[in-house]
Structures are given as C-alpha cells and as structure tokens.
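**Student:** Residues in the sequence shown are numbered consecutively from 2, following my numbering.
Have a look at this one before I ask anything.
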Amino acid sequence: MPKSKPLRTPKEVKAANPCKWGATNRLAVPVALLAGIAALYVQHQGKSAGVAERLLSMPSPVEEQLLESCEVLKPLWGGIGCRDFLREHWETSPLVSHQAQFLSEQLLHLENITQMVKMWPFRFKKNHATAVLQKPASGFLADERWPRGEAVPHYVVDVALREQLTLVLHNLEVYWPPIARFVWHVNNYFHAYTQVNLYLSPAELEVATAPHQDAHSVFIVQLQGAKRWSVHAPRTPLTLKAKQRGKQGDVVRAGD
C-alpha cells in the first residue's frame, strides 16, 4: 500500500505521522489505509492552514455525497462526528476505535489472502501486485531468499508463518473488491489517493515492525489476532519522505 500521493499545491509539504511499531502475540493481520491528503497545506489569510482547517472552513460542493462516505468511515474514528474527528484528531493526536471490529468481517478473511494470490500475478518486490517477506525488526528489509520478480506461491501465508517473517501485500484496493468499495469512500471523503497494504505477522514476534516514521496519514484496521502498537510523537512536526527514519534498513534505537 509508490506511497500515498497528496493533491498537488504550490506549497505542498509532506507531513509525517507519529512513529509506530507493532509486536504480535497472536497471528496479526492489520491493513493500513494510507491517506495522502495528510500532506496537503494551503495558504489561508497569510498563514499555513492544515487539511482539517481547510475541510472545515470550505464546504464541498458535493456535500451530500460526502455525508454518505462520512457514515461509512465513522467506525474508523470511533463513531464520533466527522467534523469532530477532523477538528480534534486529524494530524493532531492518535485515536483508537473499537467500533471498527465489524470491518474484519466485511473486508478480508485470512483464507482470502491465499485466494487473492491465486487470482492475481503477485510478484516479490515488483511495483504493484507487490509482495514482500519482511525480516522482523529490520527496518523493512526483505528476506533475500525470495528474489525480486519471482512469482508469489499460493502457499505464501504458510511460508511466512513457518519462517517467522511478516508477509506484506501492496495495493489491495486494486485486487480485492470489498476493500476497493471501502477505499472508494476514503478517497471520496479526503479527496486523496489511498493505498492499502496488508501485514501478516506470525505469533510471538517480539517486534514485527520496528519503530519508523511515515510521510502520510495512516488508518490501521486489525483484521485478525492481536498486535500491540506503540505510537510516539515525532521530534519534528513535518518530515519529508526522503528523511523518514526506520525504513530501508534504518533501525531506530533508543536515543535516536
């Protein structure tokens, strides 16, 4: 789930979400929705106004259509009003919702991963239909036993669990219709390209994904099992994508 691309403006700045990491104690299948609108900034009355302020102060001409998407997306932010979410949490503070549990029934089941891999030509580390078997706590490094371009076997879930690796599948909004329908509402409401990545981690990994920064906003939906998430405020409010920490083999340690 390239990463999220915001709408372009002359004053575009990419904003990083707080650092996060996950550790699993049961089979965990989170899906991350990466909403690129997080990076959009505009000039308003001589000051930089964030996306939330812009959406709150400039009603959309298709507000009725946005209201439908608002209702669909409310479980992502705990059922609070959409304007309240934008005002109080969007790019401001993390929010945990326990009302999105039903999405695990609607979006994807564990067995659907095998079905999807059989249906579509997923390949390791290739653009789109991308799969990665990721080493735990490695700064997003792939296990080199599965070379770039090699076809993903239909039993890849079994491989990930046996080898204690995290399976990552990109762009599920293209390849799985229930996710595509849901993401349409994310795109519609935030006016932004949204990419969906799936992370399947074996049980009992001390750290599945090491601490890292993202240059986009993220909604995480836990589809199965359990994972402990740790969210930290960034040292700086804005981080360009090229300066993100915790990726491309960069492991963030205490004191960094």
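The C-beta atom is built at its ideal place from N, Cα and C for all residues, glycine as well.
1) Helix, strand or coil for residue 122, going by three-state DSSP, please let me know.
2) Please report the Cβ distance between residue 126 and residue 149, rounded to the nearest whole angstrom; I am assuming they are in contact, meaning their Cβ atoms lie under 8 Å.
3) Counting along the chain, where does the beta strand (DSSP E) carrying residue 230 start and finish?
4) Give the straight-line distance between the Cα atoms of residue 153 and residue 122, rounded to the nearest whole angstrom.
5) In this structure, how does DSSP classify residue 214 when only helix, strand and coil are distinguished?
6) Roughly how far, in whole angstroms, is the beta-carbon of residue 157 from the beta-carbon of residue 132, given that I think they are within contact range, below 8 Å?
7) Which residue wins for smallest C-alpha separation from residue 104, given the options 113, 224 and 234?
8) Identify, in the order they occur along the chain, each residue of the same chain with its Cβ nearer than 7 Å to the Cβ of residue 86, setting aside the five sequence neighbours on each side.
9) Counting along the chain, where does the beta strand (DSSP E) carrying residue 134 start and finish?
10) Cα separation between residue 208 and residue 95?
11) From which residue to which residue does the alpha helix (DSSP H) around residue 1 run?
12) Just the C-alpha distance for residue 202 and residue 138, rounded to the nearest angstrom, thanks.
13) List the endpoints of the continuous beta strand (DSSP E) containing residue 196.
14) Does the distance from the C-beta atom of residue 194 to that of residue 210 stay below 9 Å?
15) Which whole-angstrom value is the C-beta distance of residue 100 and residue 82, which I expect to be below 8 Å?
16) Taking C-beta to C-beta, are residue 130 and residue 90 nearer than 9 Å?
17) Report yes if the C-beta distance between residue 135 and residue 169 is below 9 Å; otherwise report no.
18) Rounded to the nearest angstrom, what separates residue 119 and residue 155 at their Cα positions?
19) When you compare each of 205, 204 and 185 to residue 196 by their alpha carbons, which one comes out closest?
20) Which residues in the same chain as residue 189 place their Cβ atom closer than 6 Å to its Cβ, once the five residues preceding and following it in sequence are excluded?
21) Tell me residue 152's beta-bridge partners as DSSP assigns them.
22) Count the other CB atoms within 10 Å of the CB of residue 231; is the residue buried (16 or more) or exposed (fewer)?
23) State the CB to CB distance for the pair residue 175 and residue 74, rounded to an integer number of angstroms; the pair is presumed to be in contact (CB under 8 Å).
24) Does DSSP put residue 112 in a helix, a strand or coil?
**Tutor:** Well, looking at it:
1) Residue 122 carries a coil assignment under DSSP once its states are collapsed to helix, strand and coil.
2) Their Cβ separation, rounded to whole angstroms, is 4 Å, which keeps residue 126 and residue 149 in contact under 8 Å.
3) Residue 230 -> beta strand (DSSP E) spans 228 to 233.
4) Note on geometry: alpha-carbon atoms of residue 153 and residue 122 lie some 8 Å from one another.
5) Three-state DSSP puts residue 214 in a strand.
6) Contact holds; Cβ gap of about 7 Å.
7) When each option's Cα is compared against that of residue 104, the closest is 224.
8) If we look at residue 86 and ignore the five residues flanking it on each side, its Cβ neighbours are 78.
9) Where residue 134 is concerned, the enclosing beta strand (DSSP E) stretches over 131 to 135.
10) Roughly 21 Å separates the two Cα atoms.
11) Residue 1 falls outside the range modelled here, since the chain spans only 2 to 257, and no answer is possible.
12) The straight-line gap from Cα to Cα measures roughly 12 Å.
13) Residue 196 -> beta strand (DSSP E) spans 195 to 201.
14) No, Cβ-Cβ distance for residue 194 and residue 210 is not below 9 Å.
15) About 13 Å separates the two Cβ atoms, so there is no contact after all.
16) For residue 130 and residue 90, no; Cβs fall outside 9 Å.
17) Taking 9 Å as the cut-off, the Cβ atoms of residue 135 and residue 169 count as close.
18) Rounded to the nearest whole angstrom, the CA to CA distance from residue 119 to residue 155 is 6 Å.
19) Between residue 196 and the set 205, 204 and 185, the nearest pair of CA atoms involves 185.
20) Around residue 189: 70.
21) Residue pairing for residue 152: DSSP places it in a beta bridge opposite 124.
22) The residue in question, residue 231, is exposed, as its Cβ has fewer than 16 Cβ neighbours within 10 Å.
23) Residue 175 to residue 74, Cβ: 20 Å. No contact.
24) Reduced to three states, the DSSP call for residue 112 is helix.
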